[in-house]
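Okay, so here's the structure we're looking at.
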Amino acid sequence: MRVFLSAVYLFLYAPIALVVVFSFNAGRSATQMTGFSLQWYGKALSNVFLTDALKTSLIVAFTSAALAAVFGTMAAMGMERLGPRLRAVFDGMLAAAIVVPGVVIGIATLVALAGLFGVINPVLAELSSTAPQFQMGYLSLIAAHGLFSMALVAMIVKARIASLSRDIVEASYDLYAPPFATFFQIVLPQLRPSILAGFLMSFTFSFDDFIIAFFVAGAKTTLPMYVFASIRRGVTPEINAIATMVLVASLILIALAWLLMRERKPHAA
Amino acid sequence: MALSAAARKRWVTAALLAPAGLWLFFFLALPFLAILVFSLGERAPAGGYQPALTLANYLNLPARGAAFLNTALLAPVGAALCLAIAYPAAWFLALRVDPRHRLLLVALMIVPFWTSMLVRTYAWMYLLGARGIPQLLEMIGIENIRLINTPGAVLLGIVYGYLPLMVMPIYVSLEKLDRRLLEASSDLGARPMSTFLTVTLPLSMPGVMTGVALVSILLLGEYLIPQMLGGGKVYFIGNALVDLFLQSRNWPFGSAIAVTLVLGVVGVLLITMRIAWKVSGTRQMDLV
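Those protein sequence lines, which keep their order, are chains V and W. Residue numbers for the first sequence follow the working numbering, beginning at 5 and rising by one. Residue numbers for the second sequence follow the working numbering, beginning at 413 and rising by one.
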């Protein structure tokens with residue numbers, strides 16, 4: 005069994021490790037190390053298309069995750085106060101947002117927004133020739149990524165709320181604390197680790213997503229879209245360098261999420 | 413304006429749910445309704461959609477039969493392969509590993525899932541491509557081996573990509589299993605194998621079924637793995653959808669395929685949940 009488990013870990017990590025190792029290759033070969041060099045990193049980082057795509061991805065990931073954290077938490081708290089029937093409707097919608105495949109979310113958002121813009125834009129153009137025209141871009145990316153993320157945050161926070169004791173909230177009311185003070189001093193501190201973990205998971209999801217962005221990005225290019233397009237043009241050590249940087253970014257996010265989850269332990273006890 | 417306590421409570425509830433509700437309505441319910449309507453329409457001459465009321469798109473589904481067939485064949489096989497590797501790994505992690513190392517080993521198992529799927533699939537594209545393993549094989553005299561752009565490569569990519577997601581729910585259900593049941597079983601004279609088959613396995617079924625459901629659902633809509641490791645030769649429904657929406661711009665036909673895909677996802681969910689309930693006798697799903 006020990007051998008089996010080791011083999012599983014080797015299988016999971018060896019391919020990634022090779023990508024990382026060859027990102028430092030001096031030559032172009034994918035099988036022979038011809039020396040150590042950081043030239044591919046220099047090349048990648050001085051590529052304007054890459055840095056633009058990175059900027060787009062960071063803006064979309066941060067905005068969608070932040071909105072998802074706020075709205076998802078609000079939804080989780082609001083659902084606590086609903087009757088069983090409406091609550092089931094929300095539960096169903098949140099579950100749907102999570103299980104519907106990304107490719108369908110991308111298509112649906114594309115179709116709906118294209119239809120909507122097809123109606124709005126001629127009206128706007130009629131009103132004034134200088135009126136801005138709606139188009140796919142940041143807003144459609146944030147809307148589509150935020151959908152999944154918000155559902156994710158709502159699920160995580162809902163589970164946390166369910167595990168909280170109501171006694172402490174009632175004690176706060178008994179001591180005449182107004183609802184807002186109770187929320188900020190009692191409820192929020194206990195939910196914070198879940199909200200932050202949800203935020204980081206959402207950020208990672210958006211930062212890594214390719215398929216939804218592929219449909220709704222319009223003229224924008226996200227980092228995964230750029231990497232995908234470069235891979236199609238041919239495998240080069242520069243892609244290994246970009247891949248390594250993407251991996252390091254994900255690892256930093258995971259480490260952060262893990263530290264935050266760990267913090268939860270003392271509260272749960 | 414003075415509001416009664418009950419009315420105020422309702423307003424607060426509505427305010428809390430409004431942003432999420434509007435978001436779900438405008439970016440989930442409405443778009444899905446749009447796809448349903450589009451799937452009954454016709455392709456406009458220049459591509460896109462033109463209103464109509466016809467089932468022609470659904471009757472035309474066999475035109476993309478290969479995509480459906482590949483998905484219906486390789487997704488379950490891929491999920492089964494994931495399960496075959498994930499179950500022993502999860503069992504070992506939950507019941508046999510030294511508790512001092514458990515957290516680290518479990519973390520090492522999940523971490524890959526939270527890193528870029530694109531990059532991980534690229535790793536295999538790189539390894540299986542002409543300048544990877546085939547070049548090494550040539551050095552030892554085995555020539556003209558093609559690994560990439562085969563169904564095998566796609567399956568390998570699937571197992572590589574989704575193994576962590578399969579391990580997690582199984583690990584969770586095995587980890588919280590009451591150890592005393594296992595001791596009782598062996599005290600009563602059951603052999604290890606029969607303890608496993610009659611106690612451990614049934615009790616871990618909710619986790620197994622959650623893993624199977626999660627992986628199968630994601631595989632039904634998979635695009636990157638068949639695209640990068642199947643090279644257009646082994647393509648899934650997701651690849652057909654990308655082609656229909658972004659290249660040939662036949663939106664109504666694409667919408668019909670998307671609706672069918674969602675029905676497939678719902679079907680997989682219902683079947684796996686039904687099996688989990690039947691086998692374990694409980695109505696619970698173990699989530700990660």
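Where is the CB? At the ideal position from N, CA and C, for every residue including glycine.
Buried or exposed for residue 421 of chain W, going by 16 or more other Cβ atoms inside 10 Å?
One-based indexing of the second sequence puts residue 421 of chain W at position 9. Residue environment: residue 421 of chain W is assigned as exposed (fewer than 16 neighbouring CB atoms within 10 Å of its CB, all protein chains considered).
Quick check: is the beta carbon of residue 228 of chain V nearer than 8 Å to any beta carbon in chain W?
Sequence index remark: in the first sequence, residue 228 of chain V carries index 224 (1-based). Closer than 8 Å to some Cβ of chain W, the Cβ of residue 228 of chain V qualifies, so yes.
Mark residue 690 of chain W as exposed unless 16 or more other C-beta atoms lie within 10 angstroms of its C-beta, in which case mark it buried.
If you number the second sequence from 1, residue 690 of chain W lands on position 278. Burial call: exposed.
Return the bridge partner residues of residue 662 of chain W from the DSSP annotation.
In the second sequence, residue 662 of chain W corresponds to position 250, counting from 1. Partner(s): W:460.
As assigned by DSSP and simplified to three states, the class of residue 634 of chain W:
As a position in the second sequence, residue 634 of chain W is number 222, starting the count at 1. Reduced to three states, the DSSP call for residue 634 of chain W is coil.
Since residue 569 of chain W meets chain V, which of its residues come closer than 7 Å, beta carbon to beta carbon?
Counting from 1 along the second sequence, the entry for residue 569 of chain W is found at position 157. Near residue 569 of chain W there are no residues of chain V at all, since even the closest Cβ is about 10 Å away, more than 7 Å.
Would the beta-carbon of residue 146 of chain V be found less than 7 Å away from any heavy atom of the ligand MN?
Among the components of this structure there are no ligands whatsoever, and the ligand MN is therefore not found.
State the Cα-Cα distance for the pair residue 211 of chain V and residue 228 of chain V, rounded to the nearest angstrom.
To locate residue 211 of chain V, count along the first sequence from 1; it is residue 207. To locate residue 228 of chain V, count along the first sequence from 1; it is residue 224. So the alpha carbons of these two residues sit roughly 8 Å apart.
Going by alpha carbons, who is nearest to residue 456 of chain W out of W:559, W:488, W:687, W:661?
The residue you call residue 456 of chain W lines up with position 44 of the second sequence. For residue 456 of chain W, the closest C-alpha among the options W:559, W:488, W:687, W:661 is that of W:661.
Short of 7 Å in beta carbon distance, which residues of its chain neighbour residue 645 of chain W, apart from the five on each side in sequence? Order them along the chain.
Here residue 645 of chain W refers to the residue found at position 233 of the second sequence. Exclusion of the five residues before and after residue 645 of chain W leaves 561 as the residues of its chain whose Cβ lies within less than 7 Å of its Cβ.
Check this for me: beta carbons of residue 221 of chain V and residue 145 of chain V, under 8 Å apart or not?
Here residue 221 of chain V refers to the residue found at position 217 of the first sequence. Here residue 145 of chain V refers to the residue found at position 141 of the first sequence. Taking C-beta atoms as the reference points, residue 221 of chain V and residue 145 of chain V count as a pair closer than 8 Å.
Thinking C-alpha only, which one of V:74, V:43, V:66, V:123 is nearest residue 712 of chain W?
Absent from the model: residue 712 of chain W. The displayed extent of chain W is 413 to 700, so no value can be given.
Please go through the same chain and pick out, in chain order, the residues whose beta-carbon is closer than 6 Å to the beta-carbon of residue 533 of chain W, but skip the five residues on each side of it.
Translated into positions along the second sequence, residue 533 of chain W becomes position 121. The residues 569, 636, 637, 640, in chain order, have a CB closer than 6 Å to that of residue 533 of chain W in the same chain once the five nearest residues on each side in sequence are set aside.
Using a C-beta to C-beta distance shorter than 9 Å, which residues of chain V count as neighbours of residue 583 of chain W?
Numbered from its first residue, the second sequence carries residue 583 of chain W at position 171. Listed along the chain, the chain V residues whose CB falls inside 9 Å of the CB of residue 583 of chain W amount to none; the nearest CB is some 12 Å away.
Can residue 648 of chain W and residue 472 of chain W be called in contact, C-beta distance under 8 Å?
Your numbering for residue 648 of chain W matches position 236 in the second sequence. Your numbering for residue 472 of chain W matches position 60 in the second sequence. Not a contact, by the Cβ cut-off of 8 Å.
Can you check which of these residues, V:183, V:195, V:117, V:24, is closest to residue 417 of chain W by C-alpha distance?
Mapped onto the second sequence, residue 417 of chain W falls at position 5. Minimum Cα distance to residue 417 of chain W is reached at V:183.
Any contact between the stretch 433-442 of chain W and the stretch 619-631 of chain W? By contact I mean 3 or more CB pairs, one from each, below 8 Å.
Look at the beta carbons and you see the stretch 433-442 of chain W not touching the stretch 619-631 of chain W: under three pairs across the two are nearer than 8 Å.
Given that a residue counts as buried once 16 or more other Cβ atoms are within 10 Å of its Cβ, and exposed if not, what is residue 271 of chain V?
Looking up residue 271 of chain V in the first sequence gives position 267. Its pLDDT being 46, under 50, residue 271 of chain V is placed unreliably in this model, and the coordinates cannot settle the point.
Exposed or buried, what is residue 273 of chain V when buried is set at 16 or more other beta-carbons lying within 10 Å of its beta-carbon?
Translated into the one-based positions of the first sequence, residue 273 of chain V becomes position 269. Reliability fails at residue 273 of chain V, whose pLDDT of 35 lies under 50, so the model's placement of it is uncertain and no value is given.
First and last residue of the alpha helix (DSSP H) that includes residue 95 of chain V?
Looking up residue 95 of chain V in the first sequence gives position 91. Per DSSP, residue 95 of chain V belongs to the alpha helix (DSSP H) from 88-103.
Going by DSSP, name the residue or residues bridged to residue 84 of chain V.
Within the first sequence, the letter at position 80 stands for residue 84 of chain V. Paired residue(s): none; residue 84 of chain V is not in a bridge.
Apart from the five residues on each side of it in sequence, which residues of its chain come closer than 7 Å, Cβ to Cβ, to residue 698 of chain W?
Locating residue 698 of chain W in the second sequence gives position 286, counting from the first residue. Low per-residue confidence applies at residue 698 of chain W: pLDDT is 47, beneath 50, and the placement is therefore not dependable enough to give any value.
Spatial distance of residue 37 of chain V from residue 140 of chain V (CA atoms):
Counting from 1 along the first sequence, the entry for residue 37 of chain V is found at position 33. Counting from 1 along the first sequence, the entry for residue 140 of chain V is found at position 136. Answer to the nearest angstrom: the Cα atoms are 43 Å apart.
Give the list of continuous alpha helix (DSSP H) stretches no shorter than 4 residues that lie fully inside the stretch 141-227 of chain V.
Within the stretch 141-227 of chain V, the complete alpha helix (DSSP H) runs of at least 4 residues are 142-167, 171-178, 183-186, 192-212, 215-220.
Between the CA atoms of residue 197 of chain V and residue 166 of chain V - distance to the nearest angstrom
Here residue 166 of chain V refers to the residue found at position 162 of the first sequence. Here residue 197 of chain V refers to the residue found at position 193 of the first sequence. Going from the Cα of residue 166 of chain V to the Cα of residue 197 of chain V covers about 15 Å.
So, with DSSP's three-state summary, where would you put residue 556 of chain W?
Locating residue 556 of chain W in the second sequence gives position 144, where the first residue counts as 1. Looking at residue 556 of chain W - three-state DSSP - the assignment turns out to be coil, as it is neither helix nor strand.
For the stretch 613-632 of chain W, which residues have a CB atom closer than 8 Å to at least one CB atom of chain V, in sequence order?
If the cut-off is 8 Å between Cβ atoms, the stretch 613-632 of chain W has 629, 630, 632 near chain V.
Inside the stretch 485-566 of chain W only - alpha helix (DSSP H) runs reaching at least 4 residues
Correct list: 511-522, 529-540, 545-551.
Element boundaries [alpha helix (DSSP H), containing residue 605 of chain W]:
The residue you call residue 605 of chain W lines up with position 193 of the second sequence. First-last of the alpha helix (DSSP H) with residue 605 of chain W: 604-607.
Short check: CB of residue 470 of chain W to CB of residue 668 of chain W, under 8 Å?
Within the second sequence, the letter at position 58 stands for residue 470 of chain W. Within the second sequence, the letter at position 256 stands for residue 668 of chain W. Between residue 470 of chain W and residue 668 of chain W, the C-beta gap is smaller than 8 Å, which places the two residues in contact.
Please state whether DSSP places residue 40 of chain V in a helix, a strand or coil.
Position 36 of the first sequence, counted from the start, is the residue given in the question as residue 40 of chain V. Here residue 40 of chain V sits in strand by DSSP.
Quick check on this structure: which residue in W:575, W:535, W:676 has the alpha carbon closest to the alpha carbon of residue 21 of chain V?
For this step, residue 21 of chain V is matched to residue 17 along the first sequence. Residue 21 of chain V has its Cα closest to that of W:535, out of W:575, W:535, W:676.
Would you list the residues sitting across from residue 595 of chain W in a DSSP beta bridge?
Taking the first residue of the second sequence as position 1, residue 595 of chain W is located at position 183. DSSP, once it has assigned bridges, lists no residue as partnering residue 595 of chain W.
Within the 8 Å Cβ cut-off, does residue 164 of chain V reach chain W?
Within the first sequence, the letter at position 160 stands for residue 164 of chain V. Not one chain W Cβ lies under 8 Å of residue 164 of chain V.
Starting from residue 421 of chain W, trace the alpha helix (DSSP H) both ways and give me its first and last residue.
Counting from one through the second sequence, the residue named residue 421 of chain W turns up at place 9. Under the DSSP assignment, residue 421 of chain W falls in the alpha helix (DSSP H) whose first and last residues are 417-436.
Closer than 8 Å, Cβ to Cβ, to anything on chain V: give me those residues from the stretch 520-539 of chain W, in chain order.
Hits within the stretch, in order: 520, 521, 523, 524, 526, 527, 528, 529, 530, 531, 532, 534, 535, 536, 537, 538, 539.
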